[in-house]
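Start counting the sequence shown at 1; every next residue gets the next number (our numbering). The structure appears below as structure tokens.
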Amino acid sequence: MEQGPSAAEIRPGSMVLCDIDRPMRFAHDADFLSIAFIMSGTDVAARSPFAAGEPRMLGADRGLGRIVRQLTTTLHEEREQLSERTFDIACDRLLDLMCLAAEGGTDTAPAGQRATVEAAIRRHVRQHACEPDLDVIAIARALGWSVHYVQQVLRESGTTARDLIRRERLHLARARLAGGSWAAHSIAQIAYSCGFASHASFATAFRSEFGMTPSAARRGTV
């Protein structure tokens, strides 16, 4: 396989990761047999700029590479037995593993990408905090990353999607409690407007976060 200045010989027990949108030369014997896993270049780059770079060989006879090969083969064999949603989820997990294998099997998000990804997650949560169904799955789907990747980035920043969403909602609620434009709304209405399922759970979380009750925050007292 040749692409640009890069060339590699694919042998049994090996894989190659390459960009099919660029011209390439692929020569093989008549009895050659392989499986191709075609994925979005945007999705690859979001997980790992390193993996989205030049073509690279991946060992598939042991370790993470072997898991990637086995999962690819199994998905190919069982694709008719899986629903479209299940197949897509499995492919999403496979892409995560493929990018990790391309990076040498590390178990952490690429350091150079981490800050950008974290900022995008926090921005999305801030913009959609009021949506009651906002969770890690919704975040991952909206931003085009896997749930595992979102969880990984947030874990390395010292938080979780659940805590990040809860904190953003609480700060929004506190601003609304103190704002004149929400003076005609009850505390319960403000809680629901910020994505909380009940007044009681909101009050408990608010006191835990700010050390005061919502009523005290509304009066401007501690």
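Ideal Cβ positions, reconstructed from N, Cα and C, are used throughout, including at glycine.
| Check | Outcome |
| --- | --- |
| Buried or exposed (CB count within 10 angstroms, at least 16 for buried), Val222 | Here Val222 scores only 48 on pLDDT, less than 50, and its place in the model is too uncertain to base an answer on. |
| Ordered list of alpha helix (DSSP H) runs contained in the stretch 28 to 90, each at least 4 residues | 41 to 47 and 63 to 78 |
| Residue span of the alpha helix (DSSP H) that contains Ser181, given as start and end | Per DSSP, Ser181 belongs to no alpha helix (DSSP H) and is neither H nor E. |
| Separation of Cys194 from Arg223, as counted between CA atoms | An answer regarding residue 223 cannot be provided, because it is not within the stretch 1 to 222 covered by the chain. |
| Proximity winner among Thr86, Ser48 and Leu94, relative to Val68 (alpha-carbon distances) | Leu94 |
| N- and C-terminal bounds of the alpha helix (DSSP H) containing Ser193 | Ile187 to Ser193 |
| DSSP state of Leu134 mapped onto helix, strand, coil | coil |
| Three-way DSSP call (helix, strand, coil) for Met98 in this model | helix |
| Through-space distance from Leu97 to Ser52, alpha-carbon basis | Sequence check: residue 52 is Ala here, not Ser. Approximately 14 Å between the Cα atoms of the pair. |
| Ser14, enclosing beta strand (DSSP E) - first and last residue | Ser14 to Leu17 |
| Candidates Cys18, Gly13, Pro12 and Ile10: closest to Gln3 by CA position | Cys18 |
| Assigned exposure category for Ala161 - 16 Cβ within 10 Å defines buried | buried |
| Buried or exposed (CB count within 10 angstroms, at least 16 for buried), Phe206 | buried |
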